[in-house]
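Have a look at the structure below before the remarks.
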Amino acid sequence: MAVIEAQNLTKVYDGKVRAVDSVSLEVFESEIFGFLGPNGAGKTTLIHMLCTLLKPTSGVAKVSGYDVAKEPDLVRKSIGIVFQDPSLDENLTGRENMDFHGRLYGMATGEIKERITELLKMVELEDKADRLVKTYSGGMRRRLEIARGLMHHPKVLFLDEPTLGLDPQTRRHIWDYIRELNRRERVTIFLTTHYMDEADSLCNRVAIIDYGKIIACDEPKHLKDLLGGDIIELKVAGKADALASAFKENQAVRAVKTAEGTLCLTVYDAAKMIPQVLELAESLEVEVNSVDLHRPTLDDVFLTYTGRRIREEETSPMERMRLLMKR
Ligand SMILES: Nc1ncnc2c1ncn2[C@@H]1O[C@H](COP(=O)(O)OP(=O)(O)OP(=O)(O)O)[C@@H](O)[C@H]1O
Ligand SMILES: [Mg+2]
311 MAVIEAQNLT
321 KVYDGKVRAV
331 DSVSLEVFES
341 EIFGFLGPNG
351 AGKTTLIHML
361 CTLLKPTSGV
371 AKVSGYDVAK
381 EPDLVRKSIG
391 IVFQDPSLDE
401 NLTGRENMDF
411 HGRLYGMATG
421 EIKERITELL
431 KMVELEDKAD
441 RLVKTYSGGM
451 RRRLEIARGL
461 MHHPKVLFLD
471 EPTLGLDPQT
481 RRHIWDYIRE
491 LNRRERVTIF
501 LTTHYMDEAD
511 SLCNRVAIID
521 YGKIIACDEP
531 KHLKDLLGGD
541 IIELKVAGKA
551 DALASAFKEN
561 QAVRAVKTAE
571 GTLCLTVYDA
581 AKMIPQVLEL
591 AESLEVEVNS
601 VDLHRPTLDD
611 VFLTYTGRRI
621 REEETSPMER
631 MRLLMKR
């Protein structure tokens, strides 16, 4: 059964910025669904429309069977949200933050108490429950926000960039918690991310978004398999285009992409091809600085569709501010 349905959902800011452009999608019960795209692709805007925090310019969406525009209160009761920006009260303890949320949703006192214990245990924060949030690390804060989003037993949990700016080990731990609560609470999860590895490892299905449009949507494995073959990535100095055209003639090369001094070749048998590739580069006097060989990643999928890479390392000024605020 579809828990989230959107048809031609569109948001235009100030009459000109098409942040979300005619997005149609279905998310099914108990899925972990990922919305993957670079900075500014429209991920937060989409999540805010689905959570009734932002009015769509056009199109329709239903969450838990309720129309986001016509039945916002019913939508809100059925969902939990973890915002991209930190939203905990630092001067309250973890338990107090959870308690406040429970009251806001009209839960009974006894139920709140029980639920807090259960959820804090799940995210392994029981022993920190009565410490002020300002003493928590970034990862602990994120875990608390996720637990808080689940207080009122939502059918769907929205997570906007759940691991943004956290170190790799903490990010992996958070993935484990997300998997666990999806399994235990049977909650459908809709998350956004610009981390390829996150979408790949955590999500049952992924929609790749660029400039407000979905450019591909499927299981991560299918998206990668469609590229067919291994990827040889060459970092070259100059004349990348000459080398690219030479490869376009080559039968053994399935696809050729160039982006910012790198050349990506999709080939059937990379080990066999590498000597040929280097010989050709030499004959064309193209200097090769490095050669990398890998199975296709979601970044290669993105490159195939858009001709650009999702840059994980690039931090926008806005993101840097957010990260600073989290400390
Ligand atoms: N309130 C607003 N007014 C005008 N333009 C906006 C507003 N909010 C977002 N935008 C623009 O809409 C586009 C999509 O922004 P959005 O925040 O949804 O992207 P995102 O994918 O969440 O990005 P990030 O990865 O940085 O969080 C961007 O071009 C952004 O500048
Ligand atoms: Mg965002």
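Position one of the sequence shown corresponds to residue 311 (the working numbering), numbered consecutively onward.
Glycine is no exception: its CB is placed at the ideal position from the N, C-alpha and C atoms.
query	result
Kindly provide the chain-ordered list of residues whose Cβ lies closer than 5 Å to any non-hydrogen atom of ligand 3.	In the structure on display, ligand 3 does not appear, and the ligands it does have are ligand 1 and ligand 2.
Measure the alpha-carbon distance for L363 versus K321 and round it to whole angstroms.	12 Å
State whether the region 509–518 contacts the region 540–555, with contact taken as three or more CB pairs (one from each stretch) at a distance under 8 Å.	no
According to DSSP, simplified to helix, strand and coil, what is Y323?	strand
Out of T616, N349, K326, point me to the one whose CA is closest to E471's CA.	N349
Mind the definition here: the region 403–414 touches the region 438–446 only if three or more C-beta pairs lie below 8 Å; say whether that holds.	yes
Ordered along the chain, which non-local residues of its own chain (more than five positions away) have a Cβ less than 8 Å from that of W485?	T473, E508, S511, L512
According to DSSP, is V313 helix, strand or coil?	strand
With a threshold of 16 other CB atoms inside 10 Å of the CB of M583, please say whether the residue is buried or exposed.	buried
Apart from the five residues on each side of it in sequence, which residues of its chain come closer than 6 Å, Cβ to Cβ, to H411?	R458, M461
Cutting at 7 Å between CB atoms, please list the residues of its own chain near A562, excluding the five before and the five after it.	V577, Y578, M583
If you draw a straight line from the alpha carbon of G617 to that of T572, how long is it in whole angstroms?	11 Å
Less than 8 Å separating the Cβ of E508 from some heavy atom of ligand 1?	no
In chain order, what are the residue ranges of uninterrupted alpha helix (DSSP H) at least 4 long that sit wholly in the region 457–500?	478–495
Identify the continuous beta strand (DSSP E) that holds L346 and give its terminal residues.	342–346
By the three-class DSSP mapping on this structure, what secondary structure does I524 have?	strand
So I541 and V333 are supposed to be a Cβ contact under 8 Å. How far apart are they, rounded?	With a Cβ gap of about 29 Å, I541 and V333 do not count as contacting.
A526 to L608, Cα distance in whole Å?	11 Å
What number of angstroms, rounded off, separates the C-alpha of L430 from the C-alpha of N401?	18 Å
Between which residues of its own chain and L491 is the CB-CB distance below 7 Å, once the five residues before and five after are set aside?	M432, L460, V497
Measure the C-alpha to C-alpha separation of N599 and R328 and round it to an integer number of angstroms.	39 Å
Assuming the contact rule is C-beta atoms closer than 8 Å, L335 and A517 should be a hit. Round their C-beta distance to whole Å, please.	6 Å
Report buried or exposed for L594, applying the criterion of at least 16 other Cβ atoms within 10 angstroms of its Cβ.	exposed
CB of A351 to nearest heavy atom of ligand 1: below 8 Å?	yes
Identify the continuous beta strand (DSSP E) that holds T572 and give its terminal residues.	572–577
Comparing C-alpha positions only, which one of M450, V330, F393 sits nearest to Y487?	M450
For the alpha helix (DSSP H) holding N599, just list the boundary residues, first then last.	Segment 597–604 is the beta strand (DSSP E) holding N599; no alpha helix (DSSP H) there.
By Cβ distance below 7 Å, which residues in the same chain neighbour P464 in space, the five residues on each side in sequence not counted?	S388, I389, G390, V497
With H, G and I counted as helix, E and B as strand and the rest as coil, what does DSSP make of D331?	strand
In chain order, which continuous runs of the beta strand (DSSP E) of length 3 or greater are located wholly inside the region 355–379?	368–373
Please classify T355 as buried or exposed, where buried requires at least 16 other C-beta atoms within 10 Å of its C-beta.	buried
Since L553 and V596 should fall inside the 8 Å C-beta cutoff, what is the C-beta to C-beta distance between them, to a whole number of angstroms?	5 Å
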